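Notes follow the structure.
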Amino acid sequence: MNHQSNQATIYIGLNDSETGVQKYDSQKYLSILKNTCRNYEVAFAVQEINGGYFHKDGRYTEENTLMLRLIDVPEKTVTELAKDLCAFFHQESVMVTSSPVSVVFIKEKI
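Read in order, the letters of the sequence shown are residues 19 to 128 in the numbering used here.
What follows is the structure, given as structure tokens:
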């Protein structure tokens, strides 16, 4: 049976906001992200992607980015989680998108 849900995606760049370089291995950031999600008690999926970003001063940066996907997490929780990850990863900002999504759980046994 499918139902309507809300999907939020948080994009967190890994380059330090001041130095412009990634300070730690991506696995370190992934570990922090997983622990943060566990502390918020939210189910999640995460993927490492590459992205580009224009800073407020016009500088352009390409960087490794973690794309965190959350389903049916309250908006307030998404916002608090995004703020924490922005601070923990020392980012100028993180991007949050949201949209309705249809969810179906498939179960089958042999």
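C-beta: ideal position from N, C-alpha, C; glycine also.
Keep in mind the model is a prediction, meaning the values are calculated, not measured.
**Prompt:** Taking just the CA atoms, how far does LYS101 sit from TYR29?
**Reply:** 12 Å
**Any chain B beta carbon closer than 8 Å to MET85** = No chain B appears in the structure shown, which is made up of a single protein chain.
**Request:** Starting from THR115, follow its DSSP beta bridges and name the residues at the other end.
**Result:** Beta-bridge pairing links THR115 to THR27.
**Asked** Do the CB positions of GLU66 and GLN40 come within less than 8 Å of each other?
**Response** Taking 8 Å as the cut-off, the beta carbon of GLU66 is found no closer than this to the beta carbon of GLN40.
**Message:** How far does the alpha helix (DSSP H) with VAL96 in it extend, from its first residue to its last?
**Reply:** 93-106
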